[in-house]
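In the numbering used here, the protein residues as written are 4 to 1476. Input: a single structure, listed below in structure tokens.
Put into structure tokens, the structure is as follows:
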């Protein structure tokens, strides 16, 4: 075989002879001169920059090794020369990856001889002939271009070589190049010399060696002429020496590296890094630079230190110095910067630090081994290989990242951020000038002048307050007084970003007006335009917040100003004024506690005083403003700085860093602790702890609901008014907003109130499980999560039927109603029969706390309540959302709460189609569609071929059309993850206000239910006691009315042609029980506090009229004297006696009833409503499915499901029955009453007199049977009036004296509890709890009142009555509820103060005619007709004339007849319209 000569042999170069040159027609060059072909060797020599970089000298700031340290300085060098040295050095280092036993590298740089040698131990180059090339391998590697062991990319290698040039380039640019190697495996030693830029070579010299000899040595003399050099210059030598140190740092302690015979003192990468840091520390006056090191794994080692304003990096890839970094440095640095950004922004969110800002403060050292690295060029200064191809991961530990965060980089960044912020903020600095142009500023004439320190700037809350200030300023003049209105609340600059502050026009204006300069430390006010800043806000919580924000603004930027005496003052105005009627005496009160103290001194009697509330500065007139400014000493109060506690208090209120301290601050709040406004000065700490804390508490209460009723104050106000106004008739939401503002003293934005109403009515999946209001109109859907609701002026709402079952009217009597502005408003909390906070969930963020409570299944809650009633353990509850078809699975359980995964539903229709039929809770259709359309593949193409939406406002139905490739990719990633069909919720943040109004964290829903249960049970006991007391009062009133009628009929009491005072005295002497009405309270006299329609009238109550001045004199017998003339009949007496019989039974039955049975009865009512909701939901779902099928059929969409996605089974619940007794008590009206069952009967319609209960009524008795062991009693509820079957004679029959005597004897048998002869003493009875007639929540008719005032009560118990005598056929039906209605005579009494007024005769005669039409055989116990109320023609308040008061209802469900609805007993009471 012919020997192959190397292509670079000098004899082989340009061997062929060229033909004679032909001249070009023009241009002076031949074609051959214009177009040439070069060998690769010639091309390298001709264009070296392509291979080794520039061969010209460059000056660049680089790290070099000098005098035992690394020094960064300008270096002049030839990059090409540096590169050919580096190629040989990297080759030596690469051998460590081939042979782990390699333990040394010796480098010699001989400047005098222009000689460089690099020798490394370890396996040498194989000394044998390459079978294909026919030459020795060492010659092939070092003497032939494009030869390498790195061409096989299937083999992952962590060496520096790649393209087959490497050492050959060194050979080409050398005058002499010697390769020597010892191959111990083959016992051969090899030496060969190349000369003249690899143009000439010698024959290799092969000798024998020992088996232990393994090494390789390259010696070369650079061709300095090629680099325009005459010798190896100092800079070049320093740079080469630095590379030797690089190798020592990369290889570590296992390899001894020598330079010119001296061992490099670097045994690790850490030692190498120290060479840099020690040099940098010499120029530092501060603490030395930190050095944080982590050896992540065998391939990655990282060190981090600090840099000053510019990112620095020193990095290596397989021992190659990547002086410009690359993807490996970015990979490491991004992990660090992400962590630091989070740490900095956590400490100061206003810092607005980005990753590149952090990077500029870092110095990163990276030593990496990477598979088959790729670089930007042959010079290998920048790694370009993608991170995914590195062949290994470098995930920095959390501990290492924390150490980096504590190294000082966070503090450096915070300082940098402060500097940058201050620089930006200085742009809006003010100046002490005589004139500034600020909109709405009424500047003081002397502001900015030589007398500026005497000027006062009044900052008002809005334009209306500015008008008041200007009116007051007219008293003082405008020379030294300026006025500027604030637009709402000032920005909390302590927590705002620099961008927010610089873009805030209000802050910019204040700086200009006051002349404030950023970072200025003020010891006096001489350099300011105003020497004093006066805050003039409303005297409410929001006004206090505005004061606090202004104080916070000054303290954040100029804390020293707050220490300047009298710089900051406040102007206070009265919150209440009391004017003595008939005089000009006016009392002003500057705080509610001060006013309450004065009110108590009046003992509740407001006679002679007009009270007016001043909620805002706009309430005051211009004249009052002038009066205020005429007495500045009374209205102006200085803020005083005492010590550092003042500054700490301000930070406590406004700093985000003080979250935990703020929680403790609010938790320690003591109601009643308030700021004394009578003091002339107030410290900042007192302002924060006694005034500002009231705002924080109010804010928290607006955001966090109560555990008891699950409502926030705004929602509670809505419910309060809903009970009054929309119980029966729907109303526009916009109108309801107005009523809520009027009737519940709501003082915030109407839009937020409208949003709250809409939220309470929403019923789409993910909103309410039980909506308390009905959504009549577009109230929002799951399409946009409720954001698609219509305007409040277009939609209507009314009270949901289930709401009154959840919040029984019977409990309204027991609630603690609030009073604001002298107006009786909503209670502290309502008392539902189950914890509604679990039913509908809760979410909110307030001062110091936030809360999130999922929705739970009301049926599971009811079941657990029944278990608790039976003394059993609760079954744990999991979140549940009405209408949700997906799964909710508990995935984690900790001490602080549980975590749940909510999963939607999808189906694989075919190989390329996915159908999604449910989304996780609170993931809305529109948002999800946008997400699907935004999904892209790796190359940026849409992930789906098509997205088809078949869903409507109540459902989810998407078809996703994919390619087979994308379908496979989605399946591999997981459909749930890829399509975001899961979300998580947790129960670790369940904060609520408990019954005492204290914020509390609850860990489980069962804990909430347990605490609720104890309180609710207590209120069932209170309900029973109250009902019994009211019934006993009614008994007393019934007997007094019967006695009174008989006394009038017999002539014992004469009422006509007498003064009322004489009649009252006569009644007192005859022992009738007095029920006087309360006198007008202080609040009732407040001007404009309550609208006329909602005004209460004084309540009647059983007391000694002489014992207190708080009752209206002469009103104690109005309940008798206000009776209609038509009621002064024998029939009425019979009716009163029958009513009394029923009441006696009802009282006895109620006394035997237990709180448990009352609760179970309410739960049964709720169960029936829940069944209705379930039926409705089922019907809606059927309609949705039918509609979807039609839509899909029309569109030709696939309906056949190939395979449904696996669905995790819902965790089984142990839904055991509470007990056998629960089943028994499940009877709709079951009430445990020990030995007797109270049978409750509705009042019959008037039919034939003394008619027996019908067979159907007897049958109905079984439906209302109450489990009471052995016996059944019954209580009758009077039925509504109907026409009499038989007409009475036209003329009234004269009553004989013996018949009157018989009635009197019968009355005597009842042994009435008459009042003592001494008028100063009253009959004893229990006090009844009264309630507003307008509230529609009266349970027992306690006295006929003039305008629907509170029910009368008694203070002493009546004498126990004798057992009633059964008369004829006066049996009572056994299935109805007791409800004694108001007689027509009582209704007429509402129109006239006395039935004996002659002007009432027309009405009285009309009622008398109606009475004559009734059969004389009518049952005396039947209640009065509703119809007669409608016959009254002229009354002042028709909406009240048609109303009747009802007695306590034991159950709403005894009757199942067609004419008796579940709400039959309350329908007539609920309409106020």
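Even glycine gets a Cβ: it sits at the ideal position worked out from N, Cα and C. Because the structure is a prediction, the values reported are computed rather than measured.
**Asked** Hey, quick one: how far does the alpha helix (DSSP H) through residue 1134 stretch, first residue to last?
**Response** 1133-1155
**Request:** In angstroms with no decimal places, state the Cα-to-Cα distance between residue 366 and residue 443.
**Result:** 53 Å
**Where the alpha helix (DSSP H) through residue 662 begins and ends** = 662-670
**Prompt:** CB residue 905 to CB residue 879, shorter than 8 Å?
**Reply:** no
**Request:** Note down the Cα distance separating residue 724 from residue 747, rounded to an integer number of angstroms.
**Result:** 7 Å
**Item:** Straight-line Cα distance separating residue 637 from residue 474
**Value:** 17 Å
**Burial state of residue 713 (16 or more Cβ within 10 Å)** = buried
**Item:** Beta-carbon contacts of residue 1198 that lie in its chain and below 8 Å, excluding the five residues immediately before and after
**Value:** 951, 953
**Asked** How big is the Cα-Cα spacing for residue 117 and residue 402?
**Response** 50 Å
**Request:** Could I get the ranges of all uninterrupted alpha helix (DSSP H) runs contained in the region 210-294, with 4 residues as the minimum, in chain order?
**Result:** 237-254, 272-284
**Prompt:** Hey, how far is the Cα of residue 648 from the Cα of residue 654?
**Reply:** 10 Å
**Item:** Where residue 1034 falls: helix, strand or coil (DSSP)
**Value:** helix
**Simplified DSSP assignment, three categories, for residue 384** = coil
**Request:** Determine the contact status of residue 390 and residue 168, defining contact as a CB-CB distance below 8 Å.
**Result:** no
**Extent of the continuous alpha helix (DSSP H) to which residue 331 belongs** = 330-350
**Request:** Using three-state DSSP, classify residue 1002 as helix, strand or coil.
**Result:** strand
**Request:** Confirm the yes/no value for this check: CB of residue 851, any heavy atom of the ligand ATP, distance under 7 Å.
**Result:** With respect to small molecules bound, the structure shown includes none, and the ligand ATP cannot be examined in it.
**Prompt:** Using the C-alpha atoms, what's the distance from residue 612 back to residue 1077?
**Reply:** 28 Å
**C-beta atoms of residue 189 and residue 131 nearer than 8 Å** = yes
**Request:** In angstroms with no decimal places, state the Cα-to-Cα distance between residue 485 and residue 597.
**Result:** 31 Å
**Message:** For residue 1022 and residue 641, what's the separation of their Cα atoms in angstroms?
**Reply:** 49 Å
**Prompt:** Of the choices 126, 142, 127, whose alpha-carbon is the least far from that of residue 133?
**Reply:** 142
**Request:** Give me the Cα-Cα distance between residue 942 and residue 980, rounded to the nearest whole angstrom.
**Result:** 20 Å
**Asked** Between the beta-carbon of residue 121 and the beta-carbon of residue 103, is there less than 8 Å?
**Response** no
**Message:** Quick check on the DSSP output: the beta strand (DSSP E) that includes residue 910 runs from which residue to which?
**Reply:** 908-913
**Request:** Would you grab the beta carbon distance between residue 1165 and residue 836 for me? Rounded to a whole angstrom, and I think it's under 8 Å.
**Result:** 4 Å
**Prompt:** Count the other CB atoms within 10 Å of the CB of residue 680; is the residue buried (16 or more) or exposed (fewer)?
**Reply:** buried
**Request:** Kindly indicate which residue of 387, 334, 384, 349 has the alpha-carbon position closest to the one of residue 362.
**Result:** 334
**Request:** Identify the continuous beta strand (DSSP E) that holds residue 581 and give its terminal residues.
**Result:** 579-583
**Request:** For the region 447-476, list the beta strand (DSSP E) runs that are entirely contained and at least 3 residues long, ordered along the chain.
**Result:** 459-464
**Message:** Is the separation between the beta-carbon of residue 320 and that of residue 85 shorter than 8 Å?
**Reply:** no
**Prompt:** Using DSSP with H/G/I as helix, E/B as strand and the rest coil, what is residue 185?
**Reply:** strand
**Request:** Output the distance between the C-alpha atoms of residue 717 and residue 314, rounded to the nearest integer angstrom.
**Result:** 54 Å
**Message:** Between the alpha carbons of residue 1 and residue 1147, how many angstroms are there, rounded?
**Reply:** One cannot answer for residue 1 here, as it falls past the ends of the chain, which runs 4 to 1476.
**Item:** For residue 1121 and residue 610, the rounded distance between their alpha carbons
**Value:** 21 Å
**Request:** With distances taken Cα to Cα, identify the nearest neighbour of residue 1170 among 693, 976, 808.
**Result:** 808
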